[in-house]
Amino acid sequence: MDSRGALIASGLVLLSVLAGVWVRRLAETTPPPASTPPPGWARKAPAADAPDGSADGFLGVIVARQSVDLAPVIEGRVESVRVQVGERVSRGDIIATLDTRAMERELAIAEAELLEARADEQVATHEQEEARERLKRREQPQQRLTGAVSEEELATARYQERVATAKQERARAQVQQKEARVRQCRQRIEDATLVAPFDGLVASRLVDPGALVSSGRPIIHLLRAAGREVRFAIPEQRVLEVRVGQRVHVAVQGHEVTLGGQVHDLSPEVDVAARVLFGTASLEEPEGSPLPSGTVVRVSLVRESGNDGGVTAP
253 MDSRGALIAS
263 GLVLLSVLAG
273 VWVRRLAETT
283 PPPASTPPPG
293 WARKAPAADA
303 PDGSADGFLG
313 VIVARQSVDL
323 APVIEGRVES
333 VRVQVGERVS
343 RGDIIATLDT
353 RAMERELAIA
363 EAELLEARAD
373 EQVATHEQEE
383 ARERLKRREQ
393 PQQRLTGAVS
403 EEELATARYQ
413 ERVATAKQER
423 ARAQVQQKEA
433 RVRQCRQRIE
443 DATLVAPFDG
453 LVASRLVDPG
463 ALVSSGRPII
473 HLLRAAGREV
483 RFAIPEQRVL
493 EVRVGQRVHV
503 AVQGHEVTLG
513 GQVHDLSPEV
523 DVAARVLFGT
533 ASLEEPEGSP
543 LPSGTVVRVS
553 LVRESGNDGG
563 VTAP
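With our numbering, letter number 143 in the sequence shown gets 395, and the count goes up by one each step, no holes.
Written as C-alpha cells, this is what we have:
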C-alpha cells in the first residue's frame, strides 16, 4: 500500500469512528468556545450562499491531496537527515543521504575490472584479425595450386579463425557484464540520496543519522504544500442529498471560521460498519494558512440564495 492509500485508510477509519459516535449522539452537543482564527480566514460563509439548514452537517477530516513516505530502495546507514518537522522543501531538494563509502569502494573495483575486460577485448580483437588474415592468405588459389599450403594447414587456419572469433565474442560479453556492474554500483550510490518529489512540508521525521535502515523503511513523511481536501462521512439516510459538484461550507472545529469547498468524489458503497458513505471535497484555504492534516471539521451543504427549496449544486 502506498503512502497516499495509507493516509486515506487512516482518515476513513477516523471518520468511521467519529460518524458512529455522531449518529448515536447527535443531540446535546455543546460547541467548544471559539478561538481567534489565523489571519486571512473567513469568519462566516459567503453571503451568496447559505447552508441547507441540516442539523449539524457531516463530520469530516482534513487530509493532504498528496503525501509520500520517502524511503531508500537499498539498505544502509543513514549519514544525514537535512530537514526538520514542519520545514518546507522544494522539489529536488536533498532530504537525506546514506553512507556510500562502501559503495564507492565497490564502484572503484568494478571500474578497474571494466578496464581489464576492455583490454582483454582489444587483445581478442587483434587475435581475431590476425587469424582472419592468415586464413585469407591460405585460401588464395595460387597458394593451393602451387602446393604451398596443404589441406591440413588450411583446415588449421580455419579452426584458428573460429577460435579467435569465439574468444573475441566472449571478451565482448565480459565487457558488457562489467559495464552493467559499474552502472549498478553508480545507481546504488545515486539511490543513497533521497530527494523531495514535489514542493511540500515535512510531516514527520522517522529516522536520525546513524540508524541502520532496510530497503523500504520510511525516513521522512512528506505532504504536498499546496492544497488540502476534506473527507467526510454521510449517514446512509442522507446519501441522496449530496452530489458531485455540490458546494459545501467547512467549519473548523473550535474556531469561528468557515471555508468554502466543492464535492468532487463520492464512494460507490456504504461502509457496512458505520453505515455511512464517504465523500471528498476540495477546500478553498487562504494563501499561506494551510490547515493541518487530521483536523476535524463539520461539512455543511450549500444552496445558492434564491432557490426556493432543496439543495442544488451551483
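Don't be surprised by glycine CBs; every beta carbon is placed ideally from N, CA and C. In this text the structure is predicted, and so the values were computed from the model without any measurement.
Go to residue i, then tell me how far its beta strand (DSSP E) extends in each direction, as first and last residue.
i, result
"Ala-485", "480-487"
"His-473", "472-476"
"Thr-349", "346-350"
"Gly-513", "510-518"
"Glu-331", "328-333"
"Gly-452", "452-457"
"Val-522", "Careful: Val-522 lies outside any beta strand (DSSP E) and carries neither H nor E."
"Ala-316", "310-316"
"Ala-503", "499-504"
"Leu-535", "528-536"
"Asp-321", "319-322"
Mind checking which residues open and close the alpha helix (DSSP H) that includes residue i?
i, result
"Gln-436", "403-443"
"Val-375", "353-390"
Could you give the C-beta distance for residue i and residue j, rounded to a whole number, given that I count them as a contact under 8 Å?
i, j, result
"Arg-343", "Pro-449", "7 Å"
"Ile-441", "Met-355", "5 Å"
"Thr-377", "Gln-420", "5 Å"
"Leu-322", "Ile-347", "6 Å"
"Arg-499", "Ser-319", "Incorrect: roughly 26 Å between the Cβ atoms, too far for contact."
"Gln-380", "Arg-389", "Not a contact, Cβ separation roughly 15 Å."
"Ile-314", "Pro-461", "Not quite, the Cβ-Cβ distance comes to about 32 Å (not below 8 Å), so this is no contact."
"Val-427", "Glu-373", "5 Å"
"Ile-326", "Asp-451", "Actually they are not in contact, since the Cβ atoms of Ile-326 and Asp-451 sit about 26 Å apart, beyond 8 Å."
"Arg-386", "Ala-409", "5 Å"
"Glu-488", "Val-522", "5 Å"
Buried or exposed: residue i, going by 16 or more other Cβ atoms within 10 Å of its Cβ?
i, result
"Arg-435", "exposed"
"Ala-418", "exposed"
"Pro-324", "buried"
"Gln-413", "Sequence inspection shows Glu at residue 413; the Gln mentioned does not correspond to that position. It is buried - the Cβ of Glu-413 has at least 16 other Cβ atoms within 10 Å."
"Val-375", "exposed"
"Val-549", "buried"
"Arg-495", "exposed"
"Arg-555", "buried"
"Gly-497", "exposed"
"Thr-352", "buried"
"Gly-328", "buried"
"Ala-526", "buried"
"Ala-425", "exposed"
"Glu-537", "buried"
"Val-528", "buried"
"Val-524", "exposed"
"Gly-506", "exposed"
"Leu-553", "buried"
"Gly-312", "buried"
"Ala-371", "exposed"
When you compare each of the options to residue i by their alpha carbons, which one comes out closest?
i, options, result
"Arg-490", "His-473, Val-482 and Phe-530", "Phe-530"
"Glu-358", "Phe-310, Glu-421, Cys-437 and Arg-422", "Cys-437"
"Glu-337", "Val-500, Val-459, Val-548 and Arg-390", "Note that residue 337 is Val in the sequence shown here, rather than Glu. Measuring from the Cα of Val-337, the nearest candidate turns out to be Val-459."
"Val-515", "Ala-525, Arg-483 and Gly-506", "Arg-483"
"Glu-368", "Ala-423, Val-551 and Leu-518", "Ala-423"
"Arg-464", "Val-454, Ser-332, Gly-506 and Leu-543", "The question names Arg, yet the displayed sequence has Leu at residue 464. The shortest C-alpha separation from Leu-464 is found at Ser-332."
"Pro-393", "Arg-329, Lys-430, Glu-381 and Leu-406", "Leu-406"
"Arg-433", "His-507, Ala-360 and Thr-349", "Ala-360"
"Thr-532", "Ala-525, His-501 and Glu-363", "His-501"
"Leu-518", "Leu-350, Glu-493 and Leu-511", "Glu-493"
"Ser-456", "Glu-339, Arg-384, Tyr-411 and Gly-512", "Glu-339"
"Glu-431", "Val-509, Ser-467, Thr-349 and Glu-363", "Glu-363"
"Val-551", "Ala-400, Leu-511 and Thr-349", "Leu-511"
"Thr-613", "Glu-488, Val-522, Ala-444 and Arg-480", "Nothing about residue 613 can be reported from this structure: the residues present for the chain run from 253 to 566 only."
"Val-341", "Val-504, Val-522, Leu-474 and Asp-523", "Leu-474"
"Ser-466", "Leu-311, Val-401 and Leu-350", "Leu-350"
"Val-447", "Ala-316, Arg-317, Gly-309 and Val-335", "Val-335"
"Gly-513", "Val-504, Pro-520 and Glu-404", "Val-504"
"Glu-382", "Thr-445, Tyr-411, Gly-468 and Ala-316", "Tyr-411"
"Glu-365", "Gln-429, Ala-316, Phe-310 and Glu-391", "Gln-429"
"Ser-534", "Val-509, Ala-478 and Pro-520", "Ala-478"
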